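K.L.:
Numbering (our numbering), first residue to last: 159 to 237.
In structure tokens, the structure reads:
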């Protein structure tokens with residue numbers, strides 16, 4: 159996460175809880191981060207994203223023009 163912030167890169171993770179805590183911590187200290195994109199995996203094939211589904215969700219998010227800097231976004235909502 160530190161490397162992503164330093165390099166201005168997106169952080170893509172399936173580590174939902176820890177990265178939510180990091181996002182909240184950065185916001186609490188008035189810091190910034192490029193963005194965190196989260197993939198929720200619950201061992202449910204009807205809800206989990208495949209690699210193709212991840213790409214599709216990112217494309218939909220980009221197409222929507224949603225501002226994503228300093229955001230914590232769950233990609234499953236963009237399937």
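For each residue, glycine too, the CB sits at the ideal point set by N, CA and C.
All values reported here derive from a predicted model rather than from experimental measurement.
Whole angstroms is fine: what's the gap from residue 167's alpha carbon to residue 192's?
P.N.:
Each residue's alpha carbon lies about 6 Å from the other.
K.L.:
For the segment 209-216 against the segment 180-190, do three or more pairs of beta-carbon atoms, one drawn from each stretch, fall closer than 8 Å, so that the two count as touching?
P.N.:
Taking 8 Å as the limit for Cβ pairs, the verdict is that the segment 180-190 does not touch the segment 209-216.
K.L.:
Might you give, ordered along the chain, the residues of its own chain that have their beta carbon closer than 6 Å to the beta carbon of residue 169, omitting 5 neighbours on each side?
P.N.:
If we look at residue 169 and ignore the five residues flanking it on each side, its Cβ neighbours are 159, 162, 194.
K.L.:
Verify whether the separation of the beta carbon atoms of residue 231 and residue 196 is less than 9 Å.
P.N.:
Yes, they are a contact pair.
K.L.:
Taking the alpha helix (DSSP H) that residue 213 falls in, what are its first and last residues?
P.N.:
Where residue 213 is concerned, the enclosing alpha helix (DSSP H) stretches over 209-222.
K.L.:
Could you pull out every residue in the same chain whose Cβ sits closer than 8 Å to the Cβ of residue 171, ignoring the five residues on either side in sequence?
P.N.:
Contacts found: 177, 194, 195, 196, 197.
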